[in-house]
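Each step along the sequence shown adds one to the number in the numbering used here, with nothing skipped, and position 112 is 129. Reviewing the structure listed below.
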Amino acid sequence: MPNQKFLGAWSPHLLSLLRVIVAFLFMEHGTSKLFHYPMQMGHIPPFSLFWFAGILEVFGGALILFGLFTRPVAFILSGEMAFAYFIAHAPRGFWPLLNHGEAAVFYCFVFLYLAAAGGGPWSLDRLLRKAH
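Written as C-alpha cells, this is what we have:
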C-alpha cells in the first residue's frame, strides 16, 4: 500500500498535473472544430453553436492549461460540457457510453472539480497571488 504521507504531499502537484493534461486533451476538441487539427471535423459555420463551443474549448482550454483564471473558466467550461451533453448526447439515449457522451460527462465533472479546487501550485493563478 502506498505511503499516505507521500501521496498527501504530492496531492497539490497532482492537481496541477491533472489540470494541464485535461486542458491539453480538451483543447484538441476545439482545434479540430476551428482549425481541422489534429483531425478534420468538416465545415463549421462561423457563429454557430459548434463554432462557439470550439472557441470556448481552445481559449478556455488554454487558460486552464496555464492555470489562469482557473476557477471561473473551469466553471464556464463545466457548464458548456453539461449543455453539450444534454443537447447533443442525451437525446440519443440514457447511457453515456451508448450515446457517446461519456467524454462530455467526464469533462463536466473534472472542470467542476477544478472550479472548486483551483489550479494548484503549478499555475499562473498561484504565481500572480504570490506577486501581490
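Backbone N, C-alpha and C fix where the C-beta goes; we use that ideal spot for every residue, glycine too. All figures in this text were calculated on a predicted structure; none of them were measured in a lab.
| Nonlocal neighbours in the same chain, by C-beta distance under 7 Å from CYS125, ignoring five residues either side | The residue given as residue 125 occupies position 108 in the sequence shown. SER95, MET98, ALA99, TYR102, listed in sequence order.
| said: Quick check on SER33: does DSSP put it in helix, strand or coil? | reply: The sequence position of residue 33 within the sequence shown is 16, counting from 1. Of the three classes helix, strand and coil, the one that applies to SER33 here is helix, per DSSP.
| query | Of all Cβ atoms in chain D, is any one closer than 9 Å to the Cβ of TRP27? | reply | Absent here is chain D; the protein component of the structure consists of one chain.
| query | Which first and last residues belong to the alpha helix (DSSP H) in which ALA134 is found? | reply | Within the sequence shown, the letter at position 117 stands for residue 134. Its alpha helix (DSSP H) spans residues 119–134.
| field | Top-ranked residue by Cα proximity to LEU73, from ARG88, PHE43, HIS53 | value | Here residue 73 refers to the residue found at position 56 of the sequence shown. The candidate whose alpha carbon is nearest that of LEU73 is PHE43.
| field | Euclidean distance between Cα positions of LEU115 and ALA121 | value | Position 98 of the sequence shown, counted from the first residue, corresponds to residue 115. Position 104 of the sequence shown, counted from the first residue, corresponds to residue 121. If I take the Cα positions, the gap works out to 13 Å.
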